[in-house]
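Structure first, then comments.
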Amino acid sequence: MTQPLLSIRNLTIDYIGETTDFRAVDDVSFDVAHGEIFGLAGESGCGKSTIAFAISRLHKPPALIRSGQILLEGRDVLDLDPRELRHFRWREVAMVFQSAMNSLNPVLRIEAQFYDVLHTHQGMNRKQARERTAEMLRLVDIQPDRMRDYPHQFSGGMRQRIVIAICLALNPKIVVMDEPTTALDVVVQREILQRINELRKTFGFSVLFITHDLGLMVQVCDRIGIMLAGKLVEQNTAQKIYGAPQHDYTKKLWASFPSLHGATVTEIAAT
Ligand code: ADP
Ligand code: MG
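Its first residue numbered 1, the sequence shown is counted upward by one per residue in full-length UniProt numbering.
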């Protein structure tokens, strides 16, 4: 058996309160293979973002990892020291948040924002960074000469694509996307995900994808894990999770999305 890229082993995370602790993630285990898109679904508050933050080592108090392992190519992310962590963030794991399109610095040209990342993490000079920036912008369908523009000169969907291009510029092994497109309209959301899907095939990175849009999730994910109150109750291929759900909660989840009802996964995949 080949080693998975990412392996979450018995992960348990509490939020520490003054009187009681709240168990947000309860003994969760799943693997993400090289080049795979793995989806995490479940109602708001079930612990998806808590897992996403822990994988990126961005969790902060009151979140406390009680037990478990987060293995990236066999190495426990939870054991990294601060120096290793700087390398790990961006170069190994990139994270795209819901409000990512607002994470661009409004007073800096796009070019400068790419340069910051490429210079800091890969020691590129201005000229090298400019070339890489042009290449990355082309990949997300933005004219390279627009690198001279400021964030406010782009639409929300374009800003989101720019953030994704910055994340991918360092060739991360896995991209964690926590509701990355929720603030965008449905058509733009789907276009961006389609692009990510193509880029993944070119670059071979894996994706952990979290979204409220179950239809989109079934369409783009290879496998899906279903969470309920901190527990991963079921995981399977997208096709089986949708076409033959085992857990009652998974069945209810699909039933609550009438737009999916009646259509088969193949029909959805064809849309
Ligand atoms: P999801 O992303 O699935 O909506 P989260 O991971 O954000 O869920 O949250 C899981 C649970 O942890 C929720 O019940 C939430 O209220 C709780 N939680 C999240 N952040 C904090 C925090 N900083 N302090 C206390 N509880 C938190
Ligand atoms: Mg969340």
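Using N, Cα and C, we set each Cβ at its ideal position, and we do this for glycine too.
Rounded C-alpha distance that separates residue i from residue j
i	j	result
Gln-69	Thr-50	14 Å
Glu-43	Arg-130	42 Å
Ile-268	Ser-155	Annotation note: pLDDT 49 at Ile-268 (below 50); position unreliable, coordinate value reported separately. Cα to Cα, Ile-268 sits roughly 28 Å from Ser-155.
Gly-123	Ser-99	28 Å
Thr-250	Glu-234	8 Å
Leu-232	Ile-8	11 Å
Ser-29	Lys-240	19 Å
Gly-243	Thr-120	46 Å
Beta strand (DSSP E) segment containing residue i, residue limits
i	result
Gly-225	223 to 228
Glu-234	231 to 237
Arg-9	6 to 16
Val-71	Looking at the sequence itself, residue 71 is Leu, so the reference to Val does not match. 63 to 72 is the extent of the beta strand (DSSP E) around Leu-71.
Extent of the continuous alpha helix (DSSP H) run through residue i
i	result
Phe-53	48 to 55
Glu-135	126 to 139
Arg-159	156 to 168
Val-218	214 to 220
Thr-250	248 to 255
Arg-195	186 to 203
Thr-114	As written in the sequence, residue 114 is Phe, which differs from the Thr given in the question. Phe-114 -> alpha helix (DSSP H) spans 110 to 122.
Rounded distance between the beta-carbons of residue j and residue i, thought under 8 Å
i	j	result
Leu-170	Val-117	7 Å
His-212	Glu-179	7 Å
Ile-174	Leu-208	7 Å
Arg-109	Asp-149	7 Å
Glu-22	Asp-14	Inspection of the sequence shows that residue 22 is occupied by Phe rather than by Glu. About 6 Å; that satisfies the 8 Å criterion.
Beta-carbon proximity check, residue i vs residue j, cutoff 8 Å
i	j	result
Gly-230	Ala-33	no
Arg-223	Gly-35	no
Gly-157	Val-188	yes
Cys-167	Phe-38	no
Arg-190	Leu-214	no
Leu-72	Leu-6	yes
Met-136	Ala-165	yes
Environment of residue i [buried if 16+ CB atoms lie within 10 Å]
i	result
Gln-192	For the record, residue 192 in the displayed sequence is Ile; it is not Gln. So Ile-192 counts as buried.
Arg-86	exposed
Pro-106	exposed
Lys-127	exposed
Gln-82	For the sequence presented, residue 82 should be read as Pro rather than Gln. Label assigned to Pro-82: exposed.
Pro-61	exposed
Thr-133	buried
Phe-257	exposed
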